[in-house]
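Under the numbering used here, the sequence shown has 9 at position 9, and the numbering climbs by one with no breaks. Backbone N, C-alpha and C fix where the C-beta goes; we use that ideal spot for every residue, glycine too. Below you'll find the structure, written out as structure tokens, and then a few comments.
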Amino acid sequence: MLHSLGIRTKMLEQKVKFLKEQWKVMRMSHTLRSEDQEVELESRRILGKEVNLALVTPLPQWGQRLQSLREGLGVFLW
């Protein structure tokens, strides 16, 4: 039984090593921020193919930021 468990463990270790080598990911990320939005550009190389991703996040305007801060602080400030 222990011998069988050792063989299974070794097989799993080899499988994990294989998957890590096959799914090596090269990642480069850049974040650009303007007054009203933040854009995160990401380039990945997966299995030899390049994949480009862009995540655009709108940033709240200053009035909304102050309102959120006021609501977050509640009665402590106002």
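Assuming residue 29 and residue 38 make a contact with CB atoms under 8 Å, what is their CB distance in whole Å?
-> Here the question's residue 29 lines up with position 29 in the sequence shown. Here the question's residue 38 lines up with position 38 in the sequence shown. Contact flag wrong, Cβ pair sits at about 12 Å.
Taking the C-alpha atoms as reference points, what is the distance between residue 36 and residue 56?
-> For the purposes of this step, residue 36 is taken as residue 36 along the sequence shown, with counting starting at 1. For the purposes of this step, residue 56 is taken as residue 56 along the sequence shown, with counting starting at 1. Approximately 10 Å between the Cα atoms of the pair.
Could you check the C-alpha separation between residue 10 and residue 32 for me, to the nearest Å?
-> Taking the first residue of the sequence shown as position 1, residue 10 is located at position 10. Taking the first residue of the sequence shown as position 1, residue 32 is located at position 32. Those two C-alpha atoms are separated by around 45 Å.
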